[in-house]
Amino acid sequence: MKQTRTAISRISLKTTPIPVPLNFLRETRCKGRKFRAAGVVVDMIKSKKMAGRAVLLAGPPGTGKTAIALAMAQELGNKVPFCPMVGSEVYSSEIKKTEVLMENFRRAIGLRIKETKEVYEGEVTELTPVETENPMGGYGKTVSHVVIGLKTAKGTKQLKLDPSIYESLQKEKVETGDVIYIEANNGAVKRQGRSDNFATEFDLEAEEYVPLPKGDVHKKKEVIQDVTLHDLDVANAKPQGGQDIMSMMGQLMKPKKTEITDKLRKEINKVVNKYIDQGIAELVPGVLFIDEVHMLDIETFTYLHRALESAIAPIVIFATNRGRCIIRGTEDIVSPHGIPLDLLDRLLIIRTLPYSRSEIEQIVKLRATTEGLQIEDEALSALGELGTKTTLRYVVQLLTPASLTAKVNERTIIKKEDVEEVGSLFLDAKSSAKILTQNKDKFMK
Ligand SMILES: Nc1ncnc2c1ncn2[C@@H]1O[C@H](COP(=O)(O)OP(=O)(O)OP(=O)(O)O)[C@@H](O)[C@H]1O
Ligand SMILES: [Mg+2]
1 MKQTRTAISR
11 ISLKTTPIPV
21 PLNFLRETRC
31 KGRKFRAAGV
41 VVDMIKSKKM
51 AGRAVLLAGP
61 PGTGKTAIAL
71 AMAQELGNKV
81 PFCPMVGSEV
91 YSSEIKKTEV
101 LMENFRRAIG
111 LRIKETKEVY
121 EGEVTELTPV
131 ETENPMGGYG
141 KTVSHVVIGL
151 KTAKGTKQLK
161 LDPSIYESLQ
171 KEKVETGDVI
181 YIEANNGAVK
191 RQGRSDNFAT
201 EFDLEAEEYV
211 PLPKGDVHKK
221 KEVIQDVTLH
231 DLDVANAKPQ
241 GGQDIMSMMG
251 QLMKPKKTEI
261 TDKLRKEINK
271 VVNKYIDQGI
281 AELVPGVLFI
291 DEVHMLDIET
301 FTYLHRALES
311 AIAPIVIFAT
321 NRGRCIIRGT
331 EDIVSPHGIP
341 LDLLDRLLII
351 RTLPYSRSEI
361 EQIVKLRATT
371 EGLQIEDEAL
381 SALGELGTKT
391 TLRYVVQLLT
401 PASLTAKVNE
411 RTIIKKEDVE
421 EVGSLFLDAK
431 SSAKILTQNK
441 DKFMK
């Protein structure tokens, strides 16, 4: 779960300048065809009918392609890995193009591992480190062992544990009243949350409350872990480990391996397939989102096509705003969206069209709400009107400066005059281009 969350947090870093409102897909899904199409894809992904397939979002700039893809990620939730990238990312002077692609491919494939473990589980009723004089002499005391009381619905048990477990307890910040489990064979501690019994303890709910565990304190428990294939690659490429998942993959560990090689990946796939066959693990195909896909070249397209064909593949979502253009890396092969025809043939294509005036108003309103800005209806319709003449991006960008002029005029609500003022201050791309052509001779060549 932790891993998928890092994948999600990558989104905000890399592709979206402003976050998309959380439930916008649900809100807008029934309103336009492209949202319905995106909704169908999300449903297909959820019902696992999409693996190895690819979708292309194609349409002019500012028609919401990136926004739709990110909204799809949010709809899928944090249990489904989502890896966003931009086509141009493959061009790095240090890493091979195909290597970048393969790594992101594996970031987008999740593995849910179910293991039955022998654990001690319960609500912590007591947590006492027992100290003794330092046997090495000198000052200070050392913890000789720790006494911990665990309570379940069925009973309580007091355990006397090794001091090393006390360290893990401290690392997980375990306090009395928390529900935890300790693995019997290696002493790993996992804090699951605060016990329900303390649910009314604080006003602000920063905590996750969990019910008091049923059954005995000492028992066999099914433990679920979500990782991506990339996590497994990294874990096994490192010289040493210590984390849990690595112990599972321990058979692959060879000391001093630091590079993720094709061979290592193949070995990991083998083990993963074995686990899947044995019913220990389940594959969770996630989504690899490649924005500005026309930036890829013929070599990476070919590689991608082959990778899509392999047994373990994520769902790939492409987005582009290009029409017919030359495929990068070729002399003169022109193809729709700059994508080779054979790959294009595999794709489900969702066409995005420019937003209508009322849709623009709706989006601007959503944006204003998420940014905590108040805006008058008149100002909103002025922005809508401006949006049809310029672009959605432009009017969305006007919101912040408009709120600033409102503030200068000691208002908290954005009025039409603010919109007009900032509209005259900042140019949109079209007017700027027009001015350039009109005053060609005044600019440097
Ligand atoms: N349905 C929507 N709800 C909320 N915001 C939206 C929606 N559609 C688009 N936006 C916002 O409009 C702006 C432009 O949309 P987006 O970036 O998705 O366009 P795009 O189609 O990816 O354009 P380009 O081809 O230039 O990459 C963004 O700021 C985005 O957050
Ligand atoms: Mg985009």
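So in UniProt numbering, spot 68 of the sequence shown is number 68, and the numbers just go up one at a time. From the three backbone atoms N, C-alpha and C, an ideal C-beta is built for every residue, glycine too.
Cβ of residue i within 7 Å of any heavy atom in ligand 2?
i: T66; result: yes
i: A319; result: yes
i: D291; result: yes
Return yes when the C-beta of residue i is under 7 Å from any heavy atom of ligand 1, and no when it is not.
i: L392; result: yes
i: L347; result: no
i: T388; result: no
i: G286; result: no
i: residue 455; result: This structure gives no information on residue 455, because the portion of the chain shown stretches from 1 to 445.
i: T369; result: no
i: L366; result: yes
i: P84; result: no
i: R215; result: Note that residue 215 corresponds to Gly in the displayed sequence, not to Arg. No, Cβ of G215 sits at least 7 Å from all heavy atoms of ligand 1.
i: V395; result: no
i: T400; result: no
i: I363; result: yes
i: P336; result: no
i: residue 452; result: Lying before the first or after the last residue shown, residue 452 is absent from the chain, which here runs from 1 to 445.
i: G110; result: no
i: G59; result: yes
i: T63; result: yes
Only counting the same chain, and skipping five residues up and downstream in sequence, which positions put a Cβ closer than 7 Å to that of residue i?
i: residue 487; result: One cannot answer for residue 487 here, as it falls past the ends of the chain, which runs 1 to 445.
i: Q240; result: Reliability fails at Q240, whose pLDDT of 49 lies under 50, so the model's placement of it is uncertain and no value is given.
i: I435; result: none
i: P354; result: P60 and T63
i: P163; result: V143, S144, H145 and V146
i: D233; result: R106, I260, L264, R265 and I268
i: D196; result: Y209, V210, P211 and L212
I'd like to know if residue i contacts chain B, where contact means its C-beta is closer than 8 Å to some C-beta of that chain.
i: T128; result: Protein chains in the displayed structure number just one, and chain B is not present.
Which same chain residues end up closer than 8 Å to residue i when comparing Cβ atoms and leaving out the 5 residues on each side of it in sequence?
i: Q374; result: A368, T412, I413 and I414
i: F443; result: L436
i: M50; result: V41, M44, P285 and I315
i: residue 488; result: Residue 488 cannot be examined here, being either before or after the span of the chain that is shown, 1 to 445.
My guess is that residue i and residue j are in contact by the Cβ rule of under 8 Å, so how many angstroms apart are they, rounded?
i: I317; j: V55; result: 5 Å
i: V146; j: T132; result: Actually they are not in contact, since the Cβ atoms of V146 and T132 sit about 12 Å apart, beyond 8 Å.
i: G110; j: D277; result: That belief does not hold up - the Cβ atoms of G110 and D277 are roughly 18 Å apart, past 8 Å.
i: L212; j: T152; result: 6 Å
i: H230; j: K157; result: At roughly 39 Å, the Cβ-Cβ gap does not stay under 8 Å, so H230 and K157 are not in contact.
i: P84; j: V284; result: No, P84 and V284 are not in contact; Cβ-Cβ is about 17 Å, not under 8 Å.
If I measure Cβ to Cβ from residue i and keep anything under 6 Å in the same chain, skipping five residues before and after, which residues do I get?
i: L347; result: A54 and L56
i: A379; result: I414, K415, K416 and V419
i: I182; result: Y120 and V189
i: M72; result: A38 and V42
i: P21; result: Summary for P21: the model assigns pLDDT 40, below 50, so the residue's position carries little reliability, and this model does not support an answer.
i: residue 468; result: One cannot answer for residue 468 here, as it falls past the ends of the chain, which runs 1 to 445.
i: C30; result: Confidence is the limiting factor: at C30 the pLDDT is only 40, short of 50, which leaves the residue's position unreliable, though a coordinate-based value still follows. So no residue of the chain qualifies.
i: L296; result: G87
Could you pull out every unbroken beta strand (DSSP E) segment of at least 3 residues lying fully inside the region 136 to 212, listed in chain order?
141 to 151, 156 to 161, 178 to 183 and 189 to 195
Beta strand (DSSP E) runs wholly inside the region 74 to 147, at least 3 long, in chain order
If only uninterrupted beta strand (DSSP E) runs of at least 3 residues are considered, those enclosed by the region 74 to 147 are 82 to 86 and 109 to 133.
To test your reading of the DSSP string, which unbroken beta strand (DSSP E) runs of 3 or more residues are found completely within the region 313 to 356?
315 to 320, 324 to 326, 334 to 336 and 347 to 351
What alpha helix (DSSP H) runs, 4 residues minimum, are completely inside the region 391 to 443?
392 to 408, 416 to 425 and 429 to 438
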